[in-house]
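When we follow my numbering, the leftmost residue of the sequence shown carries the number 2, and every step to the right adds one. Glycine residues also receive a C-beta, built at the ideal position from the N, C-alpha and C atoms. Quantities reported herein were computed from a predicted structural model and do not represent experimental measurements. One structure is given below, encoded as structure tokens.
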Amino acid sequence: MAETQVKNNAQTAMIAPSILAADFAELGRDVRDISERGVDYVHIDVMDGMFVPNISFGSAVMKSLLGHAGVPFDVHLMIVDPDRYLEEFVTDNTGFITVHYEACEDLAKTLDHIHSLGVKAGVSIKPMTEPEVLDPYLADIDLILVMSVEPGFGGQKFMPSCLPKIEYYSRKKSMAGYNYIIEVDGGVGPANAHLVREAGIDLIVAGSAVFKASDRTEAIRAIKGLY
Ligand code: DX5
Ligand code: ZN
Numbered sequence: 002m003a004e005t006q007v008k009n010n011a012q013t014a015m016i017a018p019s020i021l022a023a024d025f026a027e028l029g030r031d032v033r034d035i036s037e038r039g040v041d042y043v044h045i046d047v048m049d050g051m052f053v054p055n056i057s058f059g060s061a062v063m064k065s066l067l068g069h070a071g072v073p074f075d076v077h078l079m080i081v082d083p084d085r086y087l088e089e090f091v092t093d094n095t096g097f098i099t100v101h102y103e104a105c106e107d108l109a110k111t112l113d114h115i116h117s118l119g120v121k122a123g124v125s126i127k128p129m130t131e132p133e134v135l136d137p138y139l140a141d142i143d144l145i146l147v148m149s150v151e152p153g154f155g156g157q158k159f160m161p162s163c164l165p166k167i168e169y170y171s172r173k174k175s176m177a178g179y180n181y182i183i184e185v186d187g188g189v190g191p192a193n194a195h196l197v198r199e200a201g202i203d204l205i206v207a208g209s210a211v212f213k214a215s216d217r218t219e220a221i222r223a224i225k226g227l228y
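This is the structure:
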């Protein structure tokens with residue numbers, strides 16, 4: 002993927018702001034606002050109160066944003082047995098649907114299921130999960146999401162233990178020529194984004210650091226590494 006190579010050489014990355022940190026009473030306005038500031042995806046954090054100890058929102062909320070998002074949805078399903086709900090998250094604007102390795106009984110089957118819906122498939126691993134668990138699936142994965150906090154809540158502290166995992170997937174990708182992109186999620190902002198960019202990240206999720214910033218454009222550009 003030529004696009005990814007250019008990005009990595011320049012040590013810049015794409016960004017997907019997480020709407021978990023937006024103003025839920027003004028969600029359409031907030032999503033329109035960030036869509037106009039050079040973001041690449043809108044990150045949709047779906048939590049079921051079972052896989053993680055928090056409940057966020059479901060597909061109806063995501064679909065209500067269809068007329069507001071100027072960029073594709075990056076759907077992060079933090080739910081048990083995600084196959085039950087995949088169809089609900091498929092829209093013309095769905096870029097990726099990401100499930101958790103720890104939440105799937107048969108990951109190969111779930112990846113096939115996502116692909117059968119015409120959507121790109123992501124897999125996420127929690128902070129305590131070793132990166133090697135995805136080795137058998139790498140050829141079938143379009144996006145690997147490395148969690149840099151325990152999933153469940155926004156505004157947590159970045160865990161540097163994600164860095165060797167990003168390096169691991171980046172190395173595997175250049176050695177074996179896989180096509181997946183590598184994403185990180187949790188506690189990333191202008192002050193530490195360079196760490197994940199240097200490790201080889203392609204796409205950075207940032208919630209609080211974007212939505213709570215006094216200058217959102219500046220926060221987005223700094224996280225992407227544009228200056
Ligand atoms: C955590 C979510 C993240 C989170 C990121 O479970 O998956 O997307 O909202 O928020 P910040 O950037 O505030 O850590
Ligand atoms: Zn997320």
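Each of Asp216, Ser171, Gln157 was checked against the Cα of Leu139, and the nearest Cα belongs to Ser171. In the structure shown, the three-state DSSP call for Glu184 is strand. Contact holds between the stretch 42 to 53 and the stretch 72 to 82, because three or more Cβ pairs, one in each stretch, are under 8 Å apart. Burial check for Met148: the Cβ neighbour count within 10 Å reaches 16 or more, so the residue is buried. For the pair Asp143 and Val120, the Cα-to-Cα distance works out to about 10 Å. Contact between the stretch 108 to 127 and the stretch 89 to 100 is present: three or more C-beta pairs spanning the two stretches fall below 8 Å. Rounded to the nearest whole angstrom, the C-alpha separation of Ser209 and Lys173 is 31 Å.
One residue after another in chain order, those with a Cβ under 6 Å from a heavy atom of the ligand ZN are Ser19, His44, Asp46, His77, Asp186, Val206.
Looking only at Ile183, Pro83, Asp136, Asn94, the smallest Cα-Cα distance to Ile115 is reached by Pro83. Excluding the 5 residues flanking it on each side, Asp141 has same chain C-beta neighbours closer than 6 Å at Leu112, in chain order. The DSSP-derived three-state label of Gly29 is helix.
Annotated as proximal: Leu204 and Asp41, with beta-carbon spacing under 8 Å. In this structure, DSSP gives His44 an extended state, which the three-state scheme calls strand. Sequence-distant partners of Pro152 (beyond 5 residues in either direction) whose C-beta falls short of 7 Å from its own C-beta, in its chain, are Val53, Met79, Lys127. Residue pairing from DSSP places Met15 in a beta bridge opposite Leu204.
Buried is the label assigned to Pro18, since at least 16 other Cβ atoms lie within 10 Å of its Cβ. For Ile183 against Ile16, the beta-carbon gap comes to about 14 Å, at or over 8 Å, which does not count as contact.
For the pair Ile167 and Leu21, the Cα-to-Cα distance works out to about 23 Å. Placement of the Cβ of Val120 at a distance of 7 Å or more from every heavy atom of the ligand DX5 is found. Looking from the CA of Asp136, the closest CA among Phe159, Tyr169, Ser117 belongs to Tyr169.
Taking C-beta separations shorter than 6 Å and ignoring five residues to either side along the sequence, the partners of Ile202 in its chain run Ala14, Ile167, Ile183, Val185, following chain order.
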